[in-house]
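Count along the sequence shown starting at 1, add 7, and that's the number in this note's numbering.
Below is one structure; the comments refer to it alone.
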Amino acid sequence: MELSNRQEEILQIVKENGPITGENIAERLSLTRATLRPDLAILTMAGFLDARPRVGYFFTGKTGTELLTEQIKKFKVYEYQHVPIVVKESVSVYDAISTMFLEDVGTLFVVDDYACLTGVLSRKDLLRASIGQQDLSTVPVHIIMTRMPNITVCRKEDLLVDVAKNLIDKQIDGIPVIKDSDQGLEVVGRITKTTITKAFVELILDKDL
């Protein structure tokens, strides 16, 4: 986050004199309290300053990088999950390849008739199956898919940074977001490497505004 010259002055005043009231800050800058209010609100919401009733403002001691890191660590899966791309267990490998191409995704989630997770298909799975002489239109995906318990999943309340770590550690492109149902683990979303990248880029660009 790039601060204005006045906001930088405010930070310096608070660093040297905090805790200090808004009125005293305004006096030092020869400004009215009303003029200063938006800057104080921005600095407080961004985490550079904190305020206590009847005490005043004080510097938190955190840098912009530290504040950004703290915010990233609070991101939840449900804030960034996308609609899952799923196929049924009976779908052929040929149709799965077509779906992956048309949807432009790197991972397909295989579900049963209750939309519950039974397997995962990666590009590698489909590529491996396509090598050979077999007719892909006659091979169902449940023959080649990865099954539980070898599937990494997440839930909507999980931290996005933990999911990102799993994507890297497991060297996979996508993770299904699931919720418990009477029939099993219902697939309700997806988190991918692209999701993570977009979330971090949006945050950084927003902080630069």
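For each residue, glycine too, the CB sits at the ideal point set by N, CA and C.
Just so you know, these numbers come straight off a predicted model, no measurement behind them.
*Give the DSSP bridge partners of Arg197, in chain order.*
His89 and Pro183
*Stretch pair the stretch 168-183 + the stretch 97-110: three plus CB contacts closer than 8 angstroms*: no
*For Lys186 and Val195, the rounded distance between their alpha carbons*: 7 angstroms
*Buried or exposed: which applies to Gln88, given that a residue is buried once 16 or more other Cβ atoms fall within 10 Å of its Cβ?*
buried
*Can you tell which of Arg13, Ile151 and Val84 has the C-alpha that lies nearest to the C-alpha of Val117?*
Ile151
*For Leu124, which beta-bridge partners are listed by DSSP?*
Val118
*Residues in its own chain within less than 8 angstroms of Ile27 by CB, not counting five upstream and five downstream?*
Ile20, Val21, Gly63, Tyr64 and Phe65
*Could you say if the stretch 201-208 and the stretch 160-178 meet the contact criterion of at least three C-beta pairs nearer than 8 angstroms?*
yes
_Straight-line gap, Leu36 to Glu15 (C-alpha atoms, nearest Å)_ = 12 angstroms
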